[in-house]
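Protein chains in written order, with our numbering: chain A, 37 to 346; chain B, 14 to 310; chain C, 9 to 294.
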């Protein structure tokens, strides 16, 4: 780190004789770089707004023929009989996401602590790329393993006939988002200045106290960020979920009852419905809703985080 | 009497503390090792099913619909081609946007909103990006199902994660470093390039690795925008060719193909995918090692 | 799309000219054929499309064919929107079918005969069902295998998503139009033929249906009214659960698209690769 600070310093001292021209040039470079970055940010937001508009434009047409009340509060999804209640999918999405996070977050944070604090650095250096590999396994493979390994196992353990449902989907998703949360939290924990941690130990704090009292609070920003990105992935994942959720439009009153979530319903039906039908519009509306739900959940997490900081 | 009692309870407390501490340490170790073993088992399972029978003729061969023994050559090539194109688009954009949010953006409600939106974008299912890609490239531009369209749609899919990870990494650079650099007279841009980026590189690389891995394994977008067919020849650099990737081929083989050895092709493709992701991770880490070395030297 | 239209017209004109000049040198003209063909639609027809396009491209290197697949109805829809030249569909989309209205102005080109089979997990202990029993099971009236001659176990019904070509055909031909159940603890829907295969192979006491091509020896292909689902029984007319696969085009096909469809319909492809893919040649049906 001393090296990285000294680099510009050296350059500066070398640049002094060049005088004003150089300073102008630097300022110009700085300004154009800043504009470039701003342009990129605008573009990213632009993509977002276009996507929002793209989904909303088609989705909002749903309400020409379906009442808001029916769409949000009815659990009857029978488009072939003109019944467009999306409650099953909305509830399903919340359930699956919540259960996934309940499984994945504690494990991921412990694993991140292990990598960043407890494991010898050599071991951690080997484990990190291994965890990254989990991200690279295509979701189709996860789904297939869920279908051929997890579901038969759930059937034997629980004695149910099918095994598809919220539990199976959450387990698969938890494995899928584990590396995202772990690795980003790991990076966050590693950037906690050593002196805080050493200070805590020097004051006689135990490891548990140091972790809960110093490391986690100091890294909380990054860890929350990690959880949000993991959650976002869980909400939006389709290909794997569709293979283990059961795809049945009924409210799940047990974790092992086949049900459906927004994404799985979109991916199951979108390719098979007429373009200009209410059905198609309703599916786009569900895509928009998905985005709305994840924005809502993110806002809630942020709010909790702010409360925690105060 | 009372003195010794407090002494006793103190000692007991220390002992209890120590015990809970030891339990905590054991728990973290157990979870860490457990996760690693689980991952290894998963990987081993995929490799064990796919590695035997993996041959160069499979990796570079042309796919077949009827006879057993088809390869994955063009699909694998397309995978790399699309990955490189999409990273070439998403890395500069994502980094620049992330740097803007972390360094230049005013701290107001609008930017806060943009930030939440970018995160929200990360949860849009890839299918929707695919439909968006169809509307843009197939309907709007009329170029059909192409590698180019697939690469751009994939880049859009990966932008949010990359942007947010970059921003977080830049923010986690200790402010003392920046202040030091600025105090020494460096401009903000110089500080970003010479001080912040090298320090944040670790986090940014994590972001790129995660993105690259996900892009390599993504199928829903590609099926819709780049198609399920390849041009059927190796080394076809034409960005307007149909661009089925290995992940798409895997999906196709698993869900619709009729070839007698479909299951075998699927497990072999999964193994190849995994090996390639491992290689990509290793290659992307080289700059990190170099920086580490420099630091140590 | 405009330049493409022009291109095909030009190509067609050139082909005609050449054909006229050469006095029927068809092969020479065909190899000069160029253009772009986009195929979308039914995933069940995808293996056939891919194989045909591989062979066709070898004969006509200047033609670029890209194929994708989503669902049957995507095919004619993409054709109507002008984003695909050929829409693969498991039913004749120029007529009305249950759930989908017809697409005006489109021509259905038959390309293959596709047989379907009702399948069950081996544990069910049943080798055949009557049409009535099938209707009762898929509509949820019969819930236990013992009621149809099997062992005492709950029936797990696996269905395809609404709009799947296989589902439309199975409903029309095997269930004679009766409705499916849509809910229940022992009911699930799957996304593709491959998922159906895996689900039936691995779920005890399950029943579903699939293209005959995908039937393996790890499942029971059920006799319907005592007729086994075999290619021979389809050809001799005793097994009724089959349909044509169609390539939908906007009006009569022209240019490269026409040549491609003709190639698929040619005796060489029908009796060669198509048969090897386990579809039934068009000419076999009387």
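Just so you know, even glycine gets a beta-carbon here, dropped at the ideal spot from N, CA and C.
For residue 74 of chain C, the secondary structure class from DSSP, reduced to helix, strand or coil, is strand. The DSSP-derived three-state label of residue 317 of chain A is helix. The C-alpha of residue 260 of chain C is placed about 41 Å away from the C-alpha of residue 140 of chain C. Following the DSSP letters along the chain, one finds residue 250 of chain C inside the beta strand (DSSP E) bounded by residues 250 to 258.
Under the three-pair Cβ rule at 8 Å, the stretch 218 to 238 of chain B counts as touching the stretch 158 to 174 of chain B.
The secondary-structure analysis by DSSP pairs residue 228 of chain C across a beta bridge with C:128. When 8 Å is used as the limit between beta carbons, residue 81 of chain A is near these residues of chain B: 127, 130 and 131, in chain order.
Using a Cβ distance threshold of 9 Å, residue 92 of chain B and residue 260 of chain B count as a contacting pair. At a Cβ-Cβ threshold of 9 Å, residue 243 of chain C and residue 293 of chain C count as neighbours. Chain C has a Cβ within less than 9 Å of the Cβ of residue 307 of chain A. Residue state for residue 261 of chain C is assigned as coil, using DSSP reduced to three classes.
The alpha carbon of residue 141 of chain A has as its nearest neighbour, out of A:309, A:222, A:249 and A:294, the alpha carbon of A:222.
By the Cβ rule, the stretch 206 to 222 of chain A does not count as touching the stretch 237 to 247 of chain A, because fewer than three pairs are nearer than 8 Å.
When the beta-carbon positions are compared, residue 112 of chain C and residue 294 of chain A stay at least 9 Å from each other. Annotation note: the stretch 250 to 277 of chain B contains the following uninterrupted alpha helix (DSSP H) runs of length 4 or greater, listed N- to C-terminal: 259 to 268.
For residue 234 of chain C, same chain residues with a beta-carbon under 7 Å away, outside a window of 5 residues either side, are 136 in chain order. Annotated three-state conformation of residue 85 of chain C is helix, per DSSP. The alpha carbon of residue 166 of chain C has as its nearest neighbour, out of C:189, C:66 and C:155, the alpha carbon of C:189. Taking the beta carbon of residue 177 of chain B as reference, the chain A residues within 7 Å of it are 261 and 265, listed in sequence order. In terms of CA proximity to residue 138 of chain B, A:268 leads the group A:287, A:119 and A:268. Spanning the alpha carbons of residue 177 of chain C and residue 159 of chain B requires a straight line of approximately 32 Å.
Under the three-pair Cβ rule at 8 Å, the stretch 177 to 196 of chain A does not count as touching the stretch 223 to 234 of chain A.
Non-local beta-carbon contacts of residue 182 of chain A in its own chain, meaning distances under 7 Å to residues more than five positions away in sequence, involve 204, 208, 276, 279 and 280 in chain order. For residue 44 of chain B, at least one C-beta of chain A is nearer than 9 Å to its own C-beta. By the neighbour-count definition (other C-beta atoms within 10 Å, threshold 16), residue 202 of chain B is a buried residue.
A direct Cα-Cα distance of roughly 15 Å separates residue 305 of chain B from residue 207 of chain B. The shortest C-alpha to C-alpha distance from residue 200 of chain C to any of C:214, C:211 and C:175 is the one to C:175.
Taking 9 Å as the cut-off, the beta carbon of residue 172 of chain A is found no closer than this to the beta carbon of residue 107 of chain B. Think of a sphere of 7 Å around the beta carbon of residue 200 of chain C: the chain B residues whose beta carbon falls inside it are 268 and 269, in chain order.
The C-beta of residue 268 of chain A comes closer than 9 Å to at least one C-beta of chain B.
Interface flag for residue 285 of chain C against chain B is set, since a Cβ pair is found closer than 9 Å.
With a cutoff of 9 Å on beta-carbon distance, residue 163 of chain A and residue 45 of chain B are scored as near each other. Exposed is the label assigned to residue 26 of chain B, since fewer than 16 other Cβ atoms lie within 10 Å of its Cβ.
Its chain contains 205 and 209 as the residues whose beta carbon lies nearer than 8 Å to that of residue 224 of chain C, once the 5 sequence neighbours on both sides are disregarded; these appear in chain order. With its beta carbon less than 9 Å from one in chain C, residue 240 of chain B belongs to the interface.
Here residue 153 of chain A is buried: its Cβ has 16 or more other Cβ atoms, across all protein chains shown, within 10 Å.
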